[in-house]
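Quick look at the structure:
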């Protein structure tokens, strides 16, 4: 484990262990202070208790007596001896009037009737020895508890973070064909949601890669024939450089370039719509509102070509589909209507709500012109998009008008 790497796993482990050690140190310090105060309080009480016992002794009983051995001739002295042996930290000293008192810490002085006095003092060394014993006990407790809880925290931490670490490693192994994230089981809701998000991202990434590959493959396939024709025409120009031949070559080359441009535009438009389908969600779409908005958007272009629209928007229907791709398709259709309708004529539009159909009737510019003969949305693109967006397009030729019906099935 690399503790110097700023990973969430290492930071969390260090935070938990630091909190544990800090809590143990604080607990040990507080316990030691409480124990020290308890010792001092206990031995102050002992001094007071022994002093009360000595008040009943006479100076004759105390004088020249050994307080560490029991004097059988004095029951009171035996009691004092027993107390002093039980509390080995208490020192009892007898002084006459002429002697000076040697002041000590934690002392209590009793003055007897004859003017002599007794000094009771508490040994500081004894308290320090007791505190040292307590320090050793706390140290061993700290050591055992810290080792035990460090081991427990490490195991729990490793168990909790192992699925997350597994997911991270799986994301780095993108070259593997199989899905390795399924090998990272966990009961955690967050890990499960993260796994699903990663799976979706990997799936989308793979689809985008395939889509990009297919797009360039399709462009290459579509451009192969026009470029071959241009190369052949260029070869023929080397044998004949007359002005008429050069003029014809330039004219045909311009036509070829326009064709190549149309192919690229078709594929880019189609790929853009399909990409939006992959990256958006379905929603309810009011088609009447869509048609009215498109009519307003293309009104300046229609007026420029002196084309009017007779639209019957009394009915409405709703579809459940991808809004942005649907808007792109409808916009391309309106654009084609503006391009391929004869100048000065009228476009009839109506909605059949029961069949969820938009009906467009227009007079083309020439006999062979129709709604789907433009660069943006030809019949091939309509066929591919209709499968993805779930709609069908049919065209009929009635007298001098083209009738186009767009039916939505979602």
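In this note's numbering, the protein residues as written are 1150 to 1559. Built from N, CA and C at the ideal position, the CB exists for glycine as well.
When DSSP reads this structure, residue 1486 sits in no beta bridge, so it has no partner. DSSP, read as helix, strand or coil, puts residue 1362 in helix.
With distances taken between CA atoms, residue 1406 lies nearest to 1373 out of 1373, 1421, 1165. For residue 1541, same chain residues with a beta-carbon under 8 Å away, outside a window of 5 residues either side, are 1535, 1555, 1556, 1558 in chain order. Following the DSSP letters along the chain, one finds residue 1438 inside the alpha helix (DSSP H) bounded by residues 1436-1446. Excluding residues up to 5 positions away in sequence, 1461, 1508 lie with their Cβ nearer than 6 Å to the Cβ of residue 1499 in the same chain. In the DSSP secondary-structure assignment, residue 1379 is not bridged to any residue.
Remark: three or more beta-carbon pairs, one from each stretch, lie closer than 8 Å, so the stretch 1357-1366 and the stretch 1416-1434 are flagged as touching. Contact between the stretch 1369-1385 and the stretch 1338-1357 is absent: fewer than three C-beta pairs spanning the two stretches fall below 8 Å. Judged by DSSP secondary structure, residue 1511 falls within the beta strand (DSSP E) whose first and last residues are 1506-1511. For residue 1189, DSSP records no beta bridge to any residue.
Shown here, residue 1431 sits in a strand according to DSSP, grouped into three states. About 6 Å separates the beta carbons of residue 1280 and residue 1185, which is inside the 8 Å limit, making them a contact pair. In the displayed model, residue 1465 falls within coil according to three-state DSSP, outside both helix and strand. The beta carbon of residue 1494 is closer than 6 Å to those of 1512 in its chain, skipping five residues each way along the sequence.
Apart from the 5 residues on each side of it in sequence, residue 1437 sits with its Cβ closer than 8 Å to the Cβ of 1462, 1464, 1465, 1466, 1500 in its chain, given in chain order. Here residue 1478 is buried. Its C-beta has 16 or more other C-beta atoms within 10 Å. The stretch 1396-1404 makes no contact with the stretch 1425-1434; the number of CB pairs closer than 8 Å stays below 3. By a beta-carbon distance limit of 8 Å, residue 1412 contacts residue 1371. Their separation comes to about 5 Å. Between residue 1303 and residue 1179, the alpha-carbon positions lie close to 27 Å from each other. Taking a C-beta distance under 8 Å as the contact criterion, residue 1298 and residue 1169 qualify as a contact pair. If you ignore the 5 residues before and after residue 1539, its C-beta comes within less than 8 Å of the C-beta of 1470, 1557, 1558, 1559, all in its own chain and listed in chain order. If you look at residue 1502, you'll find it isn't in any beta strand (DSSP E); DSSP assigns it neither H nor E. Take residue 1545, set aside five residues on each side of it, and the residues of its chain with a beta-carbon closer than 6 Å to its own are 1552, in chain order. Judged by DSSP secondary structure, residue 1390 falls outside any beta strand (DSSP E); it is assigned neither H nor E. Distance between residue 1278 and residue 1176, taken at the CA atoms: about 21 Å.
DSSP places residue 1555 in the uninterrupted beta strand (DSSP E) bounded by 1550-1557.
Setting aside the 5 residues that flank it on each side, residue 1505 is surrounded in the same chain by 1466, 1468, 1556, 1557, each with a C-beta closer than 7 Å to its C-beta; the list follows chain order. Burial check for residue 1481: the Cβ neighbour count within 10 Å reaches 16 or more, so the residue is buried. Put simply, the backbone Cα of residue 1385 is about 15 Å away from that of residue 1400. In the three-state reduction of the DSSP assignment, residue 1168 falls in the helix class, which pools H, G and I. Looking at the DSSP output, residue 1459 shares a beta bridge with 1497.
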